[in-house]
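S.K.: Quick one: the structure is below, and I'll ask about it shortly.
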Amino acid sequence: MIRELNVDQQKCIHCRQCLDFCYTNVIGWDETKEQPFAQYPLDCQLCCVCEDACPAHAITVIPDWSRKYYPDYLSAKSAAAIREMAAEKERRAGK
Amino acid sequence: MSAENKRPRKSQCSHVLIIGGGISGLTAALTIKETDPAADVLLVDKACASKGWAGKAARTAGLLSFVSQEKDPEEFARYCAGADIGCGLNDMALLRDFAYNSRRLVEHLADWDVDIERNEDGSMAVGVWPLPWVTAGVDPDMCRKMSSRAKKYGVLFEDHVVISELIVLEGRVRGAVGFHLLDGTYQIYLADVVILACGSQNFDITPSWCSTGVSQKLAYDAGCRFRNVEFCGMGDFGRFGQDGQRYYGQHSGAHTAHDCLYVGEENISQKWRPGFHSSMDPMAAYAWYRETMAGNGPVEVHYQKFRDESGALFHFHPNAMRRMHRVESLAEYPYEHEQYEVFPGFISEMSAIRVGHGMETDIPGLLAIGDTSGAGSARAGAVPAPPAKIHGTGILNALYSGDKGGSTAVLLLHGIKRTGEQPPAELLDRLEESTYHYFDREEGISPRDVICRVQDAMAPCDYSFVKTKERMEEALGIILEAKEMLPRMKAENLHELSKCLDAQAMVLCGEMFYRASLARTESRSFHLREDYPEMDASWKKWLNIRKNGEEMEIFTEEIPNI
């Protein structure tokens, strides 16, 4: 659920250590640019260890909360009951 | 696959194979080598355990609770077995052993160079609870020090390896197979003792709590019993941002504010769940649910009140504090707002592999430690341990069970008769086929589709926190839909191949959770049923689950008087 890993090319020392920091295998290596990239961004947990552990402080995590699938925290029936209750309140207030 | 097209294979033998290099796996490895330096120990992990970048520790707050010299282990055991937590389903012998050994285990960390926050006089800087334990702040990068020490002891590591199947020969576990996550090599590991240490099932809903329960699947398929599955529904509160965005876990700022829920000026935490609580339980979610379903929402948190009341209970390590602040800034944490709307967020913590006092499973040669068996050990009782209701006992459980499992592994090594028998080639070929077959399809669905469907069944609080027969049957129906999707999964790459394994584990764990929850017709600690709201003395027994052919067999067991 990140949009990207922002890598400061001036700072990156191309050590590839960042490939080992991520416990959900998000980070891949761009051979052309010789720098890391977010290969599997949906699995990023936003723990920021990659930012913190990079010896050159070259990585910045750019989050994108809208990309992760967040299931509902209420069942469909309960959610519908609450919506109905809210609509009823509004109807009464209108009268 | 023809012989000439065979993918690369790599085969290795060791006395002990440890699957998972977080705190429990590393503790087991260190314990084995400190007990028997001649033992060959190989530790494999999906991440990079050889450098200490594996497990959940580096992503947590680094809280480590234990029974200090000033506290009473017997009181700790009584509290953990009481009405708020274990509710009489504890293995009391294991619980008391845990309490009496906790200080020794924490102090031993210094021998492995693990840093704990200290006062100027060198004593540990601890938060002293009005309860029978204290909480220290440990370096969240503790695995780096532990793996460095393990390498000095001669422990071997294999990084970026996903274990997909256990090798079971004549009822005994003899190793495991899997694949290299970066190059796809088929990995074969033969060992006299295998230790599962690869985490719990979190269903990957709340960020950072992203374990996918592969340990539970490996143990289930091998024939292990599971215990206390129905209690493995844990949660916290998430926060609604200004724009309606939902923030979970450390990003929410609400995950420990369970005693400070308000509707208007009324503290509904105290209304529905009076008293001081060390952490969340289903009653906190029930308070939210009752008020919301009565049309009284929104439910909000007064964070300042929580901070004023509980701030002294935690001393964070600077490394943990720095990361937490960074994580909070990413989520635009509203320091300037004292009040914000919250919702229940699901975590789970299913760790239900049944183990005995030496962390041994039912299957000879297989041990399970750390978050794989916290609930299944019955040490903590009717809770989704670890850490359930006591912050900081997750790390303590990892140390305790790693220590126990490591000692047991040494005893087993010296007690078994090694046959040197190799697994039949056909078995290894069959396990290879089973591991990689998601690549062989022309068309199929993404494993992510299955995972999302399982999450639909686990996340709603009125399915998994506040249960009824009707709602659980509905949720189980969704899980069974997801189960039917499994044979249609297709992997496009090695990362997705690991996701296929995750999806299988999530379906299995979801099914176990709802089948066990339906069977227990009472309410007890973390198992809260609206249709059976009272605790029933006749249910003071354990529910076990195991594989029986293609069926999930559920049976009860009286708790022995120890």
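Protein chains in written order, with my numbering: chain A, 1 to 95; chain B, 1 to 562. From the three backbone atoms N, C-alpha and C, an ideal C-beta is built for every residue, glycine too. Small disclaimer: the values here were computed from a predicted structure and weren't measured.
In the DSSP assignment, find the unbroken beta strand (DSSP E) run with residue 43/B in it and report its ends.
M.R.: Under the DSSP assignment, residue 43/B falls in the beta strand (DSSP E) whose first and last residues are 41-44.
S.K.: With a threshold of 6 angstroms on Cβ separation, who are the neighbours of residue 206/B within its own chain once the five nearest residues in sequence on each side are excluded?
M.R.: Closer than 6 angstroms at the Cβ level, and outside the excluded window around residue 206/B, lie 248, 249, 345 and 347.
S.K.: Is the distance from the Cβ of residue 33/B to the Cβ of residue 185/B below 7 angstroms?
M.R.: no
S.K.: Which of the three DSSP states is assigned to residue 124/B in this structure?
M.R.: Of the three classes helix, strand and coil, the one that applies to residue 124/B here is strand, per DSSP.
S.K.: Do you know how far the Cα of residue 152/B is from the Cα of residue 316/B?
M.R.: Straight-line Cα distance between these residues: approximately 29 angstroms.
S.K.: Taking 6 angstroms as the limit between beta carbons, can you name the residues of its chain near residue 512/B, skipping five residues before and five after?
M.R.: 229 and 545
S.K.: At the level of alpha carbons, what is the spacing between residue 241/B and residue 253/B?
M.R.: So the alpha carbons of these two residues sit roughly 11 angstroms apart.
S.K.: Quick one: grab the DSSP three-state call for residue 2/B.
M.R.: Interpretation of residue 2/B is limited by its pLDDT of 48, a score under 50 that renders its predicted location unreliable; the figure taken from the coordinates is listed afterwards. Coil.
S.K.: Enumerate in chain order the residues of its own chain whose CB-to-CB distance from residue 145/B is below 8 angstroms, with the five nearest sequence positions on each side excluded.
M.R.: Here the set comprises 52, 112, 113, 114, 115 and 139.
S.K.: Rounding to the nearest angstrom, what Cα-Cα distance links residue 413/B and residue 355/B in this structure?
M.R.: Their backbone Cα atoms lie some 18 angstroms apart in a straight line.
S.K.: Could you tell me which of 405/B, 469/B and 239/B sits nearest to residue 65/A, measuring between CA atoms?
M.R.: 239/B
S.K.: Given a cut-off of 7 angstroms, decide if residue 5/A and residue 38/A are closer than it, judged by their beta-carbon atoms.
M.R.: yes
S.K.: Establish whether the CB of residue 286/B and some CB of chain A are separated by less than 7 angstroms.
M.R.: For residue 286/B, the answer is no, since every Cβ of chain A falls outside 7 angstroms of its Cβ.
S.K.: Within 7 angstroms of any Cβ in chain B, is that where the Cβ of residue 6/A sits?
M.R.: no
S.K.: How would you list, in chain order, the residues of chain A whose beta-carbon sits under 9 angstroms from the beta-carbon of residue 460/B?
M.R.: 71, 72, 73, 74, 75, 76, 78 and 79
S.K.: When you compare the CB of residue 200/B with every CB in chain A, is at least one pair closer than 7 angstroms?
M.R.: Not one chain A Cβ lies under 7 angstroms of residue 200/B.
S.K.: Would you list, in chain order, the members of the stretch 320-343 of chain B that have their beta-carbon closer than 8 angstroms to a beta-carbon of chain A?
M.R.: 322, 323, 326, 327, 330, 331 and 343
S.K.: Let me make sure I understand the geometry here. Which of 436/B, 95/B, 28/B and 294/B has the alpha-carbon closest to that of residue 162/B?
M.R.: 436/B
S.K.: So, at 7 angstroms on beta carbons, what are the nonlocal neighbours of residue 481/B in its own chain, with the 5 sequence-adjacent residues on each side left out?
M.R.: 453
S.K.: Which residue wins for smallest C-alpha separation from residue 497/B, given the options 530/B, 533/B, 446/B and 535/B?
M.R.: 446/B
S.K.: Please compile the residues from chain A whose C-beta is within a distance smaller than 7 angstroms of the C-beta of residue 53/B.
M.R.: 20, 21 and 23
S.K.: Is there at least one Cβ from chain A nearer than 7 angstroms to residue 59/B's Cβ?
M.R.: yes
S.K.: What would DSSP say about residue 9/A, mapped onto helix, strand or coil?
M.R.: coil
S.K.: Run through the stretch 378-416 of chain B for me and flag every whole alpha helix (DSSP H) of 4 or more residues, listed as ranges in chain order.
M.R.: 393-415
S.K.: Measure from the C-beta of residue 45/A to each C-beta in chain B and report whether the shortest distance is under 7 angstroms.
M.R.: yes
S.K.: Who are residue 548/B's beta bridge partners in DSSP?
M.R.: Residue 548/B pairs with 551/B.
S.K.: How many whole angstroms separate the CB atoms of residue 554/B and residue 515/B, which I take to be in contact at a CB cut-off of 8 angstroms?
M.R.: 6 angstroms
S.K.: May I ask you to report which of helix, strand or coil DSSP gives residue 541/B?
M.R.: strand
S.K.: If we ignore side chains and look at the alpha-carbon of each, how far apart do residue 366/B and residue 210/B end up?
M.R.: 24 angstroms
S.K.: Assuming residue 385/B and residue 195/B are in contact, meaning their beta carbons sit under 8 angstroms apart, how far apart are those beta carbons, in whole angstroms?
M.R.: For residue 385/B against residue 195/B, the beta-carbon gap comes to about 19 angstroms, at or over 8 angstroms, which does not count as contact.
S.K.: Determine the DSSP secondary structure at residue 66/A, reduced to helix, strand or coil.
M.R.: Reduced to three states, the DSSP call for residue 66/A is helix.
S.K.: In terms of residue numbering, what span does the beta strand (DSSP E) encompassing residue 165/B cover?
M.R.: 161-169
S.K.: According to DSSP, simplified to helix, strand and coil, what is residue 155/B?
M.R.: Residue 155/B falls in the coil class under three-state DSSP.
S.K.: Starting from residue 300/B, trace the beta strand (DSSP E) both ways and give me its first and last residue.
M.R.: 300-302
S.K.: Does residue 29/A come out as helix, strand or coil in the three-state DSSP assignment?
M.R.: strand
S.K.: Short of 8 angstroms Cβ to Cβ, which residues in the stretch 440-474 of chain B face chain A?
M.R.: 448, 452, 455, 456, 458, 459, 460, 461, 462, 463, 471 and 474
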